[in-house]
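*Asks:*
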Amino acid sequence: MGVVEVLDPVAPVRSGGWKVDVSRGERNGRVSSEWFNRPDDERYLSLDDLWANVKGRSERSRSRVVQTADIRVEAARDSDDRLHLVLPKAHEPVAPTHWAFGQLASIVGAPASYLRQLPAPLAGINLQYGLTNHRAEQVKTFETEDGRTELRAVTGPDYGRIHDHELVEAVQRIAGNGTGDTRWKVPGVLDWSTGVYNPDVEISRDTTTLYASDRDVFLFLVDDHNPIEAGRLPDGSPDLYFRGFYCWNSEVGAKTLGMASFYLRAVCQNRNLWGVEDFQEITIRHSKYAASRFAHEAAPALTRFANSSPQGFVNGIKAARQQIVARTDEDRDDFLRKRGFSKAESGKIIEKVLMEEGRPPESIFDFVQGITRLARDKTQQDARLDMEGRAKKLLDRVG
Numbered sequence: 035m036g037v038v039e040v041l042d043p044v045a046p047v048r049s050g051g052w053k054v055d056v057s058r059g060e061r062n063g064r065v066s067s068e069w070f071n072r073p074d075d076e077r078y079l080s081l082d083d084l085w086a087n088v089k090g091r092s093e094r095s096r097s098r099v100v101q102t103a104d105i106r107v108e109a110a111r112d113s114d115d116r117l118h119l120v121l122p123k124a125h126e127p128v129a130p131t132h133w134a135f136g137q138l139a140s141i142v143g144a145p146a147s148y149l150r151q152l153p154a155p156l157a158g159i160n161l162q163y164g165l166t167n168h169r170a171e172q173v174k175t176f177e178t179e180d181g182r183t184e185l186r187a188v189t190g191p192d193y194g195r196i197h198d199h200e201l202v203e204a205v206q207r208i209a210g211n212g213t214g215d216t217r218w219k220v221p222g223v224l225d226w227s228t229g230v231y232n233p234d235v236e237i238s239r240d241t242t243t244l245y246a247s248d249r250d251v252f253l254f255l256v257d258d259h260n261p262i263e264a265g266r267l268p269d270g271s272p273d274l275y276f277r278g279f280y281c282w283n284s285e286v287g288a289k290t291l292g293m294a295s296f297y298l299r300a301v302c303q304n305r306n307l308w309g310v311e312d313f314q315e316i317t318i319r320h321s322k323y324a325a326s327r328f329a330h331e332a333a334p335a336l337t338r339f340a341n342s343s344p345q346g347f348v349n350g351i352k353a354a355r356q357q358i359v360a361r362t363d364e365d366r367d368d369f370l371r372k373r374g375f376s377k378a379e380s381g382k383i384i385e386k387v388l389m390e391e392g393r394p395p396e397s398i399f400d401f402v403q404g405i406t407r408l409a410r411d412k413t414q415q416d417a418r419l420d421m422e423g424r425a426k427k428l429l430d431r432v433g
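No gaps in the numbering here: position 351 of the sequence shown is 385 in this note's numbering, and each next residue is one more.
1) For Cys-302, which residues does DSSP report across the bridge?
2) May I ask you to report which of helix, strand or coil DSSP gives Arg-96?
3) Determine the extent of the beta strand (DSSP E) in which Lys-174 is found, giving its start and end residues.
4) Closest by CA to Val-256, which one among Ser-247, Tyr-297, Phe-70 and Lys-123?
5) If we call anything under 8 Å between Cβ atoms a contact, is Thr-189 one with Gln-137?
6) Which of helix, strand or coil does DSSP assign to Val-37?
7) Quick check on Ile-383: does DSSP put it in helix, strand or coil?
8) Which class does Ser-295 belong to by DSSP, given the choice of helix, strand or coil?
9) Compare the Cα-Cα distances from Val-107 to each of Pro-127, Ser-95 and Ser-92 and report the closest residue.
10) Between the C-alpha atoms of Glu-311 and Phe-254, what's the straight-line distance to the nearest angstrom?
11) Compare the beta carbon distance of Asp-198 and Val-301 with 8 Å and say whether it is the shorter of the two.
12) By DSSP, does Trp-218 sit in helix, in strand, or in coil?
13) For Asn-232, which residues does DSSP report across the bridge?
14) Three or more beta-carbon pairs under 8 Å between the region 79-88 and the region 223-233, yes or no?
15) Sorted by chain position, which residues of the same chain lie with C-beta nearer than 6 Å to Val-54's C-beta, five sequence neighbours on each side aside?
16) Just to confirm before moving on: does the CB-CB distance between Ala-324 and Met-293 stay below 8 Å?
17) How long is the line joining the alpha carbons of Asp-443 and Thr-178, rounded to whole angstroms?
18) Short check: CB of Thr-337 to CB of Ile-196, under 8 Å?
19) Looking at the secondary structure, which residues open and close the alpha helix (DSSP H) in which Thr-166 lies?
20) Using only alpha-carbon positions, find the residue among Trp-308, Thr-243 and Glu-379 that is nearest to Phe-252.
21) Can you find the residues in the same chain that come closer than 7 Å, C-beta to C-beta, to Val-387, ignoring five residues on each side of it along the sequence?
22) Determine the burial state of Lys-219: buried for a count of at least 16 other Cβ atoms within 10 Å of its Cβ, exposed for fewer.
23) Going by DSSP, what residue range makes up the beta strand (DSSP E) through Pro-261?
24) Ser-67 by DSSP, collapsed to three states: which one?
25) So what's Arg-48 in DSSP terms, helix, strand or just coil?
26) With C-beta atoms as the reference, is Arg-116 less than 8 Å away from Ala-124?
27) Tell me the residue span of the alpha helix (DSSP H) that contains Glu-200.
28) Closer than 6 Å by C-beta to Val-205: which residues in its own chain qualify, once you throw out the five before and the five after it? Chain order, please.
29) So is Pro-73 buried or exposed if we call it buried at 16+ other beta carbons inside 10 Å?
30) What does the Cβ neighbour count give for Asp-258, buried or exposed, with the cut at 16 atoms within 10 Å?
31) According to DSSP, simplified to helix, strand and coil, what is Ile-358?
32) Which residue marks the beginning of the alpha helix (DSSP H) containing Arg-61, and which one marks its end?
33) Could you say if the region 97-107 and the region 158-173 meet the contact criterion of at least three C-beta pairs nearer than 8 Å?
34) How would you call Glu-236, buried or exposed, if buried means at least 16 neighbouring beta carbons within 10 angstroms?
35) Return the residue from the list Phe-176, Gly-194 and Arg-96 that minimises the CA-CA distance to Lys-322.
36) Leaving out five residues on either side along the sequence, give the residues of the same chain with a beta carbon under 7 Å from the beta carbon of Arg-217.
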């Protein structure tokens with residue numbers, strides 16, 4: 035196949051979606067982990083709602099650089115749960131969030147978990163001692179007013195803050211509201227009983243993939259009304275893919291800014307990504323020039339992926355299918371052993387392909403699929419990631 039074939043989204047193979055083969059490619063659990071751990075108040079049904087929340091929070095926030103020795107700790111004597119900080123030139127005390135308290139404790143070398151177990155007055159005495167006797171050092175605070183003033187972050191003075199709303203705005207420029215007004219939207223759901231992926235599922239608290247907490251944002255969107263055919267399955271039906279990406283950020287220093295783009299075959303109800311191929315990731319630490327890197331690197335990369343043709347991906351899959359590297363059992367074993375697989379692993383990889391394809395592996399693509407299927411059987415994450423990495427490395431060397 036020399037050209038990309040984008041199937042008509044209004045004429046699916048079956049009513050309600052497209053038949054896909056999720057036994058191929060890798061499984062990615064990053065989105066599922068986010069979905070599983072997010073309470074209802076961190077789930078949003080549209081990019082507009084998500085943006086309004088994080089934008090409003092940013093507008094109510096301010097940042098300042100202060101000396102640690104100038105921070106004063108106050109604890110109410112009539113309550114074990116009330117601890118506040120008085121910052122230089124502040125009009126009122128600020129209440130540290132759980133995250134900010136941990137950052138401050140880390141700066142003065144105190145164990146945050148221990149301090150949290152103490153009554154507030156005693157924890158305040160320990161924290162004040164650490165701040166007063168800590169060598170003179172500047173920190174950058176990040177305070178937000180929402181009924182009361184909260185201290186949401188305490189970072190180094192050169193921390194390069196990229197606000198959460200800036201990432202959401204970059205996504206909105208290509209995805210609109212994320213609900214289907216553009217080709218990019220919250221994903222549908224795979225029906226395991228039929229193997230059909232349905233892109234048209236109501237966006238609810240249970241299905242959304244747009245998240246924000248007091249310390250981060252995470253977004254996952256797909257172009258699942260426009261499947262891409264990249265070859266054929268053993269039964270002659272098309273091997274279909276969709277484009278997808280997810281991105282994340284923390285304006286309070288809980289994590290880097292990052293984004294990942296890939297092709298996938300389906301998303302299941304618990305938001306595992308199935309049949310993932312061509313996974314690419316960019317991360318940016320919140321260092322001094324982080325905002326500039328975001329503007330000149332990450333945001334344009336996201337736009338390029340969103341607007342790019344899948345031709346290169348399709349051609350890569352086609353080349354991998356056509357590149358025959360083994361025709362005999364000896365060739366197959368030799369090919370895998372030279373790439374660091376044990377005799378037992380080589381046998382299992384060959385067996386995986388034989389079971390799925392009805393023939394032993396011959397092409398680069400066959401071996402990659404066999405390796406990724408074996409990786410799924412690994413119970414230890416490091417071993418699974420190592421094997422998936424070797425599969426990707428093999429595919430990257432095609433041509």
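Positions of the beta carbon are idealized from the N, C-alpha and C atoms, including for glycine.
*Replies:* In short, the structure shows the following:
1) None; Cys-302 has no bridge partner.
2) strand
3) 172-179
4) Tyr-297
5) yes
6) Annotation note: pLDDT 34 at Val-37 (below 50); position unreliable, coordinate value reported separately. If DSSP states are grouped into helix, strand and coil, Val-37 belongs with coil.
7) helix
8) strand
9) Pro-127
10) 16 Å
11) no
12) coil
13) Val-223
14) no
15) Tyr-231, Leu-274, Arg-299 and Ala-300
16) no
17) There is simply no residue 443 to check, as the chain begins at 35 and stops at 433 in what is shown.
18) no
19) 154-167
20) Thr-243
21) Pro-394, Pro-395, Asp-400, Gln-403 and Gly-404
22) buried
23) 251-266
24) helix
25) The predicted model places Arg-48 with a pLDDT of 44, which falls under 50 and marks its position as unreliable; any figure quoted below should be read in that light. Three-state DSSP puts Arg-48 in a strand.
26) no
27) 198-209
28) Leu-253
29) exposed
30) buried
31) strand
32) From DSSP, Arg-61 is part of no alpha helix (DSSP H) but of the beta strand (DSSP E) over 60-62.
33) yes
34) exposed
35) Gly-194
36) Asp-257, His-259 and Asn-260
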